[in-house]
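I have placed the structure first, in the form of structure tokens, so that the comments after it can refer back to it.
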Amino acid sequence: MNIEKAKGRHYIQDRTGKMIGEITFIETDEHTVMIEHTFVDEDHRGDGVARELVDSVVQEMKRENKKIIPACRFAAVLFERIPSYKEQMAK
Numbered sequence: 001m002n003i004e005k006a007k008g009r010h011y012i013q014d015r016t017g018k019m020i021g022e023i024t025f026i027e028t029d030e031h032t033v034m035i036e037h038t039f040v041d042e043d044h045r046g047d048g049v050a051r052e053l054v055d056s057v058v059q060e061m062k063r064e065n066k067k068i069i070p071a072c073r074f075a076a077v078l079f080e081r082i083p084s085y086k087e088q089m090a091k
């Protein structure tokens, strides 16, 4: 799946432009972003779309040397389960 990136969001669309999944985040300061929401279309739940979107944000913030506040419940669960995500978490 091809993840598109825009200011404050990463998303995946199908060939017709229908939204498959989206993750939104905001900058809380120059060194931190907060993941606010993760959405996956019902037809694609269980396909790993949300995990790919969270990973996309984590990798981008790692490159930008920014920390993440996982306010979205799904993202918060992944941050607890995946050790490499924990190092990107804001304290």
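In full-length UniProt numbering, the protein residues as written are 1 to 91. No residue lacks a Cβ here, since even glycine has one placed at the ideal position from N, Cα and C.
Tell me, please, whether the region 63-77 touches the region 4-16 by the rule of three or more beta-carbon pairs shorter than 8 Å.
no
Is it buried or exposed, G21, if we count other Cβ atoms within 10 angstroms and call 16 or more buried?
The residue you call residue 21 lines up with position 21 of the sequence shown. That one is buried.
For V40, which residues of its own chain have a beta-carbon under 6 Å away from its beta-carbon, when the five flanking residues on both sides are left out?
Residue 40 sits at position 40 when you count from the first residue of the sequence shown. The answer, listed in chain order, is G21, V49, A50.
Sorted by chain position, which residues of the same chain lie with C-beta nearer than 6 Å to F74's C-beta, five sequence neighbours on each side aside?
Along the sequence shown, one-based indexing puts residue 74 at 74. Within its own chain, the residues whose Cβ lies closer than 6 Å to the Cβ of F74, once the five positions on either side in sequence are excluded, are T38, A50, listed in chain order.
Can you tell which of K18, E27, T32 has the C-alpha that lies nearest to the C-alpha of D43?
As a working mapping, residue 43 is identified with position 43 in the sequence shown. With distances taken between Cα atoms, D43 lies closest to K18.
Using the three-state DSSP reduction, which class does K67 fall into: helix, strand or coil?
Mapped onto the sequence shown, residue 67 falls at position 67. In the structure shown, K67 sits in a strand (DSSP, three-state: E or B).
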